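In the UniProt record's numbering, the protein residues as written are 1 to 249.
Below, the structure is given as structure tokens:
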């Protein structure tokens, strides 16, 4: 039973006893929505800035180091100094294997080439960043000579030619899209200077027009690390792939 003191002189409940009006509840919900939206936008902006920093400081840093090595030494890193092949690690057995890790770093340092800071001293080939779920990922670069698909003398026909590439491992879908936009101006895993590893050497017969267009990257940020379908939870580490970035020489 409501006490008499709770009523006003007109018999209505006092303001202290009444609940929130619909307008007040609507305002509160709008404010909550704006706060959540601002947090989401801020997170996306932070991720974009981090991807941009990785691209500028790390990927482009190694690209410039490669160009400086080629200009200074006159051949790709790891190539045979007495009988150059024009291919990365051409002096290795077998020729054309990946040039990675401390062997790669020492090759550049011995030539007097400054390399990116990377993760730490001795691990300049690695870079730690956060994926779209805020979990740590590690990108790693190597250099290699691979078969690269290029247009032939007829439309929709492609041939393979040896090209020197930067191998970038540990690439998430968001990072791949960011790098692709910066390097090629569009997101395409099959064509351009940045490609997903398995698609770099794809060729299409002239009569086959169904596969003559570009392709999406094989992963996205909904896929959990090690999975093949969109099954990730918000806290899951997202899937990664390997990208090839073609060098100019």
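Positions of the beta carbon are idealized from the N, C-alpha and C atoms, including for glycine. Since this is a predicted model, take the numbers as computed values, not measurements.
query                                                                                               : result
Residue 105 vs residue 68 beta-carbon contact at 8 Å                                                : no
Whether residue 216 touches residue 149 by CB criterion (8 Å)                                       : no
Check: residue 31 C-beta below 7 Å from any heavy atom of the ligand COA                            : Looking for the ligand COA in the displayed structure turns up nothing, as the structure carries no ligands at all.
Span separating the alpha-carbon of residue 153 from that of residue 145                            : 23 Å
Span of the beta strand (DSSP E) around residue 196                                                 : 194-196
N- and C-terminal bounds of the alpha helix (DSSP H) containing residue 181                         : 173-184
Beta bridge counterpart(s) of residue 139 as assigned by DSSP                                       : 127
Rounded distance between the beta-carbons of residue 167 and residue 98, thought under 8 Å          : 6 Å
Three-way DSSP call (helix, strand, coil) for residue 168 in this model                             : strand
The stretch 115-131 / the stretch 82-93 touching (three or more Cβ pairs under 8 Å)                 : no
Candidates 246, 243 and 134, of which the one nearest residue 235 by Cα                             : 134
Delimiting residues of the beta strand (DSSP E) encompassing residue 242                            : 241-246
Alpha helix (DSSP H) segment containing residue 67, residue limits                                  : 60-73
Assigned exposure category for residue 116 - 16 Cβ within 10 Å defines buried                       : buried
Residue span of the alpha helix (DSSP H) that contains residue 104, given as start and end          : 101-110
Cβ neighbour criterion (16 or more within 10 Å) applied to residue 71                               : exposed
Beta-carbon gap between residue 219 and residue 173 smaller than 8 Å                                : yes
Residues bridged to residue 148 (per DSSP)                                                          : 161
Residues near residue 239 in its chain [Cβ-Cβ closer than 6 Å; skip 5 each side]                    : 219, 223 and 225
Residue 101 and residue 79 closer than 8 Å at C-beta                                                : no
Close beta carbons around residue 183, own chain, < 8 Å, minus the five adjacent residues each side : 192, 193, 194 and 245
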